[in-house]
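If you read the sequences in order, they're chains V and G.
Just so you know, we're using our numbering here: the first sequence kicks off at 6 and counts up by one.
Just so you know, we're using our numbering here: the second sequence kicks off at 146 and counts up by one.
Built from N, CA and C at the ideal position, the CB exists for glycine as well.
Working notes, structure below.
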Amino acid sequence: MLVGEDGAVAAGADSSDAESTYREIFHGHFSAMVRLAAMLGADDPEDVAQEAFVRLHGRSRTLRDPHASIGYLRTTVVNLTRSRLRHLAVVRRQRPDGASDVASPEHEVVRRERAGELTAAMAHLSSRHREALVLRYWLDLTEAEMADAMGISRGTVKSHVSRALDALSGLLEET
Amino acid sequence: MSSARLDRLERDLRAARTSYDRVTASADAWQQNQHRLAATRGRRNRWWLGTAAALVAVALVGGAATLSGRGPASGPPAGGGDDPFSTQYLLGEPVELERVTIDGEPTVHEAALSDMTGQGPNLCDRFVSASSEAGGCTTRESTADDPKVAFDWLSGTEGGGDIRGVLAGVDSRAAAVRIWMSNGNATAARLHPGGWDGTRLFALTVPASGPRPQRLVATGRDGNVLQAVDLPARFGDAGWLPARSACGDADATGVWPIPGSGGPQDVTVELGTSDALVTGDAGITPVCLDRLSSSAIAGWTGFGDLVVAVLAPESDLVRVVAGDRTLEERVVAPAQGSPWRVFVIRGLSPDVRAKAELVALDVQGNELDREFLSQAASP
């Protein structure tokens, strides 16, 4: 009998259930994880998301709880992206471009410019600061979810966000 | 920041999110995922011979944080239970990597490169004692041909909670491998010929209760760093090293400057396995670098004109540059009780710091990593 790190014991029936849950989670959340990795500045967001899912696959206990699975995926994407970032060599294969959800073309141009400035400035933030802003403002996570994803205590989430906003504001002033 | 400015920044931030709406996944993402899982399964599964209880729990953790929860039903990676050490599969002579004591029994740890399927060399190892034998195979890294990768095979071993070990094969460019332990000691790996394409093999297995391998650094013939691997990041932060936090409740493992070394008296850096706490005299509020990265510049913080950086042990020299100008260049000081190193620089005015970058270099002066100092602080 083999026992996984999380204490889950390999078993035939469980294994088929787990595979089906895994497939469901993959189809439901893979794109979101790719997007999260892109937001965090990963040079190859899809590769990061794939690796996160491979790691999830090995955790049968986590797979039993879909909510925990999403949290695990998010944390893994954050950690993998952080460890892969090379500060001067980030190659974005999927550069963000604007969405066409604004009526006025002039407004759209301004909005795009501002969004471009922001995303450019975000690229110069430290991994920690960028994570804080992405999770807070782009993923709308709760403080508890942010703390889990970033591997920090709940009490320090606000200060991370605040420092990140200051840093971003400072960078925008420079441009 | 004024409230109005903050409101605007928050609003703009939320609006900028739509910039990522068009980031999509490949149409064949699921198929790619299934291929990866198949490869990972091969990497993680161990083949089992006449295992005794003491070695049943020896498990491969290479390439991922967890041992796949699949039993022998999923089969060995190749060969359906065949012995990868059979001469028909071997690409080189098996080599004895080390002798260890497991569960009180003298045990020989051997390895060889073996190709059981014709699909490429696996690095296979076995622990052999008088009463038991257990081992496994690790597939070659998919990125092995990348010039940035020297560790073509890499796996970790856990044994019933009693042992921890690394097993690896490096490519022919690697002249040496340094294994940095969690207590700051370093040992040169004994490299053994793998018998295939100049590959050389090594392993280090230690009692889990003592210092554990934390970082591997492969260097070329002139001492240049080919690749450094942070093992906690590679094998899963939580499990590979015992939690020793400088910022939390657990005790830090190390400290900088080394007491009695004559280093600066006004700044102290306590070092955990993956965090650091910077404290100092008046004017310095304690700062926790709560998650050191696996890069050569693992983290840094600034106080006024002072910058304190924590670096990986392969960082020999740090240069502070602003454009083409070098403002400072200094050999990095080691810490006591930890593989991390620390660099402190003073006198960087805000204007200078806004343009300055911190550059970590190896012993040959090759750039390992670089950080802008214009931000408030690093992770």
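- The alpha-carbon separation between VAL370/G and VAL362/G amounts to approximately 7 Å.
- Taking C-beta atoms under 8 Å as the contact rule, ALA373/G and LEU349/G fail to qualify, at a distance of about 16 Å.
- Among the CB atoms of chain V, none fall inside 8 Å of the CB of MET261/G.
- Assignment of THR81/V by DSSP, reduced to helix, strand and coil, places it in the helix class.
- The criterion of a C-beta distance shorter than 8 Å is not satisfied by LEU258/G and THR169/G.
- With a threshold of 8 Å between beta carbons, SER438/G makes contact with chain V.
- TRP175/G reaches chain V at ARG28, PHE31, HIS32 and PHE35, counting residues in chain order whose Cβ is nearer than 9 Å.
- For PRO404/G and GLN410/G, the gap between their C-alpha atoms comes out near 10 Å.
- Under the rule that a run must span 4 or more residues, the alpha helix (DSSP H) segments found entirely inside the region 358-413 of chain G read 376-380 and 382-385.
- Ranked by Cα distance from TRP401/G, the options ALA454/G, PHE230/G and PHE380/G are led by ALA454/G.
- Boundaries of the alpha helix (DSSP H) around HIS134/V: 132-138.
- C-alpha of ASN84/V to C-alpha of GLY449/G: approximately 30 Å in a straight line.
- Under the Cβ distance rule, THR418/G does not count among the residues neighbouring chain V, no pair being separated by less than 8 Å.
- LEU258/G: member of the beta strand (DSSP E) spanning 250-259, first to last residue.
- At a beta-carbon threshold of 8 Å, the residues of chain G lying near PRO50/V are VAL168, ordered along the chain.
- When the beta-carbon positions are compared, GLY482/G and GLY393/G stay at least 8 Å from each other.
- Between the alpha carbons of SER440/G and ALA457/G lies a distance of about 7 Å.
- Nearest CB-CB separation between SER327/G and chain V: not below the 8 Å threshold.
- Taking 8 Å as the CB threshold, ASP367/G stays off the interface with chain V.
- For the pair SER327/G and PRO356/G, the CB atoms are nearer than the 8 Å cut-off.
- At a cut-off of 8 Å between C-beta atoms, VAL59/V counts as an interface residue with respect to chain G.
- Here VAL39/V is buried. Its C-beta has 16 or more other C-beta atoms within 10 Å.
- Residue environment: THR81/V is assigned as buried (16 or more neighbouring CB atoms within 10 Å of its CB, all protein chains considered).
- Rounded to the nearest whole angstrom, the CA to CA distance from LEU242/G to PRO338/G is 10 Å.
- Classified as exposed, VAL476/G has fewer than 16 neighbouring CB atoms from the shown chains inside 10 Å of its CB.
- With contacts defined by Cβ atoms closer than 8 Å, ALA120/V and SER164/G form a contacting pair.
- Nearest to PHE31/V by alpha-carbon distance, out of LEU170/V, VAL59/V and THR161/V, is VAL59/V.
- Contact with chain G is found for TYR142/V, since one of that chain's Cβ atoms lies less than 8 Å from the residue's Cβ.
- Here DSSP, grouped into helix, strand and coil, assigns PRO479/G to strand.
- Residue-level contact by beta carbon fails for ARG159/V and chain G, as no gap is shorter than 8 Å.
- Using a Cβ-Cβ cut-off of 9 Å, ASP153/V is close to nothing in chain G; its nearest Cβ partner there is about 13 Å away.
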